[in-house]
Amino acid sequence: METRRLPRKFYTRPTLTVARELLGKYLVRPIRPRPFSEKGGANGAKKIVTKKMIGKIVETEAYIGPKDKASHAYQWKITPRNKTEYLEGGHIYIYLCYGMYWQLNITTAKAGQPECVLIRALEPLNGQKRIKNYELGIKKLTNGPGKLCRWIKLDKSFDGEDLTRSKRIWLEDRSDSLPAQIKKGRIVAAKRIGIDYAGKWAKKPWRFYLRDNPFVSRMAGLVIRNRHPQRWRVS
DNA sequence: GTACAGATTGAG
DNA sequence: TCAATCTGTACT
Numbered sequence: 003m004e005t006r007r008l009p010r011k012f013y014t015r016p017t018l019t020v021a022r023e024l025l026g027k028y029l030v031r032p033i034r035p036r037p038f039s040e041k042g043g044a045n046g047a048k049k050i051v052t053k054k055m056i057g058k059i060v061e062t063e064a065y066i067g068p069k070d071k072a073s074h075a076y077q078w079k080i081t082p083r084n085k086t087e088y089l090e091g092g093h094i095y096i097y098l099c100y101g102m103y104w105q106l107n108i109t110t111a112k113a114g115q116p117e118c119v120l121i122r123a124l125e126p127l128n129g130q131k132r133i134k135n136y137e138l139g140i141k142k143l144t145n146g147p148g149k150l151c152r153w154i155k156l157d158k159s160f161d162g163e164d165l166t167r168s169k170r171i172w173l174e175d176r177s178d179s180l181p182a183q184i185k186k187g188r189i190v191a192a193k194r195i196g197i198d199y200a201g202k203w204a205k206k207p208w209r210f211y212l213r214d215n216p217f218v219s220r221m222a223g224l225v226i227r228n229r230h231p232q233r234w235r236v237s
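Read left to right, the first sequence gives residues 3 to 237 (the working numbering).
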């Protein structure tokens with residue numbers, strides 16, 4: 003199977019395009035569980051086991067500052083918290099919400115343009131064969147923006163991380179597993195979640211998810227058919 | 001220093 | 001539907 007890390011040019015396009023095309027891409031996160039000890043042999047040497055967490059992105063939301071009132075960068079607002087949102091496309095902007103949940107965002111467009119895509123849900127691949135009640139058990143760990151960050155162990159230390167170069171997190175295409183939903187050219191566009199304070203911007207259909215995917219956080223929206231499915235192919 | 005909102009979640 | 005939870009942010 004071939005894999006390809008998404009290049010810079012994938013991210014530096016219009017945010018709505020990136021938000022739609024991120025559906026079906028794979029988020030890869032090698033994790034080294036805290037110095038994990040295993041009996042390594044007669045001398046008792048310790049062995050470090052690296053685990054690779056992988057999830058297919060199935061739900062996203064676009065935030066297009068500075069015009070978007072729901073964006074942290076509305077009207078060019080810039081603070082210590084959201085400054086990484088201004089980085090060139092392909093970087094991570096991560097922040098803490100409600101005092102306890104990290105929110106993973108991927109910057110888009112060119113440097114200085116505060117636009118990003120919130121990753122809201124993943125279809126986890128790791129552990130697929132080991133967990134019997136796979137869908138019900140794993141679904142609950144990644145079907146929300148706060149939960150998926152907990153699952154792949156992200157925190158403030160990832161703020162500003164470059165997805166095109168990082169060794170601890172990146173996005174990739176896979177040649178052997180094109181998402182059927184995308185091949186069929188079907189995604190759903192819906193209102194974004196939790197931003198009712200944003201007036202007319204709250205009504206924009208800037209949330210995207212794979213139709214009928216069981217890992218999506220909340221299903222509701224308008225099904226849109228892609229007239230140019232070839233543009234949304236994963237590889 | 002103090003007040004307060006919030007791109008959520010999980011229980012009911 | 002509703003409230004727990006707590007950091008960052010803005011303001012005094």
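Built from N, CA and C at the ideal position, the CB exists for glycine as well.
Please report how far the alpha carbon of residue i lies from the alpha carbon of residue j, in whole angstroms.
i       : j       : result
Lys-149 : Arg-7   : 24 Å
Gln-92  : Cys-118 : A quick correction: the sequence has Gly, not Gln, at residue 92. Looking at the two C-alpha atoms, the distance is approximately 9 Å.
Ile-66  : Gln-77  : 11 Å
Lys-71  : Trp-203 : 6 Å
Thr-52  : Ile-197 : 38 Å
Ala-192 : Arg-220 : 10 Å
Lys-155 : Gly-114 : 28 Å
Leu-224 : Lys-205 : 12 Å
Lys-134 : Leu-143 : Residue placement at Lys-134 is poorly supported in this model, since its pLDDT is 45, which falls under 50; the coordinates are not used for a value here.
Glu-125 : Leu-25  : 11 Å
Trp-208 : Lys-54  : 30 Å
Lys-169 : Arg-83  : 24 Å
Pro-68  : Glu-87  : 11 Å
Arg-152 : Trp-104 : 8 Å
Ile-171 : Thr-5   : 14 Å
Gly-162 : Val-190 : 29 Å
Gln-232 : Leu-165 : For Gln-232, the predicted model reports a pLDDT of 43, less than 50, meaning its position is unreliable; a value from the coordinates is still stated below. Answer to the nearest angstrom: the Cα atoms are 25 Å apart.
Tyr-199 : Arg-31  : 34 Å
Pull the bridge partners of residue i from the DSSP assignment, please.
i       : result
Leu-18  : Answer is none; Leu-18 lacks a bridge partner.
Ile-66  : Glu-117
Asp-164 : His-93
Thr-109 : Cys-118
Pro-216 : Pro-216 is not bridged to any residue.
Ile-1   : Since the first residue shown for the chain is 3 and the last is 237, residue 1 is missing from the structure and cannot be characterised.
What would DSSP say about residue i, mapped onto helix, strand or coil?
i       : result
Ala-72  : coil
Glu-4   : coil
Arg-10  : helix
Tyr-100 : coil
Lys-53  : strand
Tyr-198 : Note on residue identity: the sequence assigns Asp, not Tyr, to residue 198. In this structure, Asp-198 counts as helix in the three-state DSSP scheme.
Lys-58  : strand
By alpha-carbon positions, which one of the options ends up nearest to residue i?
i       : options                            : result
Ala-123 : Arg-170, Gly-223, Gln-115, Gly-57  : Gly-57
His-74  : Trp-172, Thr-14, Pro-116           : Pro-116
Arg-176 : Leu-127, Met-102, Tyr-97           : Leu-127
Leu-212 : Glu-23, Lys-11, Thr-5              : Glu-23
Thr-14  : Ile-121, Leu-106, Leu-89           : Leu-89
Val-218 : Arg-188, Val-60, Arg-10, Thr-5     : Val-60
Glu-63  : Arg-152, Pro-147, Ser-159, Phe-160 : Pro-147
Ile-140 : Leu-106, Pro-216, Leu-165, Ile-189 : Pro-216
Ile-195 : Lys-27, Ile-121, Asp-214           : Ile-121
When you measure from the CB of residue i to every non-hydrogen atom of the ligand HEM, does any distance come out below 7 Å?
i       : result
Arg-152 : Absent from the structure shown: the ligand HEM. Ligands present: none.
Three-pair Cβ contact test at 8 Å for the region 12-32 versus the region 99-114: They touch, by the three-pair rule.
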